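>
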Amino acid sequence: MSDAESALPSDLDRNAVQTALVEWYEADHRDFPWRRTDDPYEILVSEVMSQQTQLGRVVEAWDAFLDEWPTVADLAAADRADVVAFWTSHSLGYNNRAKYLHEAARQVTEDHDGSFPEDPDGLSELMGVGPYTANAVASFAFNNGDAVVDTNVKRVLHRAFAVPDDDSVFEMAASELMPAGESRVWNNAIMELGGVACGKTPTCDESGCPWRQFCHAYETGDFTAPDVPTQPTFEGSRRQMRGRVVRILGEYDELRLGELGPRVRVDYGGDTGEEWLRGLVEDLASDGLVTVDDERDEIRVSLAK
DNA sequence: ATCCTGAAGC
DNA sequence: GCTTCAGGAT
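For the first sequence, this note's numbering assigns the number -17 to the initial residue and increments by one for each residue that follows.
In structure tokens form, the structure reads like this:
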């Protein structure tokens, strides 16, 4: 259980490490609106939007989303098509996440009598809520989570304390470092550190990083970060075309395949003609995002209700 | 292990 | 142009 390779702070230093970070965070941090609420629904919406999307781009969408569906019951009662269309029109990407969020709202309303589970295990049962989001919502809504482990936390722990690039080790280290019973401020603070001071290009001195005196990377000058899987080129990809289909269907009630095609790509036809589009749309249908209505010789496509 | 998405950052 | 961004489902 003990960590021979990494240099997690000793019991003696841990308190100083914890205090330094919390004081740094409380002295000054970005004032995102979801940091001013403890409503689990509002927190969940912000977390799902924030997955793989820069926080600054989330603010406007978060406001508009809660304006449209102010409570979890409102969202549960909405049509999935409207939620997916909203998601796409606000450029949030990953429209599967809109479907998951809608489904999670339905779970809370129907399976939990309208009130959220208050611990990570219970929250994990909600659709689209994995280990990170479960701990984030438990922390920020109920101050009742364990340490979150996201790319920010991994990067910080790897640099500061030489925690090896291994998920289960990151989890143990993060958990050991968190002051008990302070998940709300702690998880906010450590992710703020990763987002502001210890990003890909660290700004230790400019940001007044509170861990400089403890930091392995600051001492050695090696700011190597854990590997993040690189993505294939987006331009021209199938993923891009899926995104276009969903965006277009968000603008029309229903389209025939032949009407949809030219709007998806100007060179619609040939190798990327009806056959190709049909496959694309069928994939989206199995993801529950669109409905394909195949009647007679006309194939009609729309966002799934 | 692969797929999902789009824009800012560099 | 390529990488990165508060991950999760299958």
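Here a beta-carbon is modelled for each residue, glycine too, at the ideal position from N, C-alpha and C.
Computed from a predicted structure; not experimentally measured.
Using DSSP with H/G/I as helix, E/B as strand and the rest coil, what is V274?
strand
> Using a Cβ-Cβ cut-off of 8 Å (strictly less than) and excluding sequence neighbours within five positions of T243, which residues of its own chain qualify?
It is worth fixing the name first, because residue 243 is Gly in this sequence and not Thr. Result list for G243: Y250, G251, G255, E256, L259, in chain order.
> How about the region 137 to 154 and the region 36 to 46: do they share at least three Cβ pairs that are nearer than 8 Å?
Judged by pairs of C-beta atoms under 8 Å, the region 137 to 154 does not touch the region 36 to 46, as fewer than three such pairs exist.
> Cβ atoms of G232 and S73: under 8 Å apart, would you say?
no
> Can you grab the Cα-Cα spacing for the pair P192 / V138, in whole Å?
12 Å
> If you follow the alpha helix (DSSP H) that L108 is in, where does it begin and where does it stop?
No alpha helix (DSSP H) holds L108; DSSP gives it neither H nor E.
> Just list the alpha helix (DSSP H) runs in the region 109 to 195, keeping only unbroken ones of 4 residues or longer that don't cross its boundaries, in chain order.
Fully enclosed alpha helix (DSSP H) runs of 4 or longer: 113 to 124, 133 to 143, 149 to 159, 165 to 174.
> Reducing DSSP to helix, strand and coil, say where S284 ends up.
strand
> How long is the line joining the alpha carbons of D253 and G261, rounded to whole angstroms?
12 Å
> So, does the region 127 to 138 touch the region 150 to 160, judging by three or more C-beta pairs under 8 Å?
yes
> Quick one: what's R238 bridged to in DSSP?
R282
> Do you know how far the Cα of V54 is from the Cα of R166?
Rounded to the nearest angstrom, the two C-alpha atoms are 22 Å apart.
> Compute the beta-carbon to beta-carbon distance between P15 and V119, rounded to the nearest angstrom, for a pair I have assumed lies under 8 Å.
In this structure P15 is not in contact with V119, their Cβ atoms being roughly 16 Å apart against a cut-off of 8 Å.
> How big is the Cα-Cα spacing for G176 and Y7?
12 Å
> Quick one: complete alpha helix (DSSP H) runs, 4+ long, within the region 50 to 83?
54 to 59, 62 to 71
> Could you give the DSSP three-state label for S(-16): helix, strand or coil?
Because S(-16) carries a pLDDT of 45, less than 50, the predicted location of this residue cannot be relied on, and the following value inherits that uncertainty. In the structure shown, S(-16) sits in coil (DSSP, three-state: anything other than H, G, I, E or B).
> First and last residue of the alpha helix (DSSP H) that includes D265?
256 to 268
> For G251, which three-state DSSP category applies?
strand
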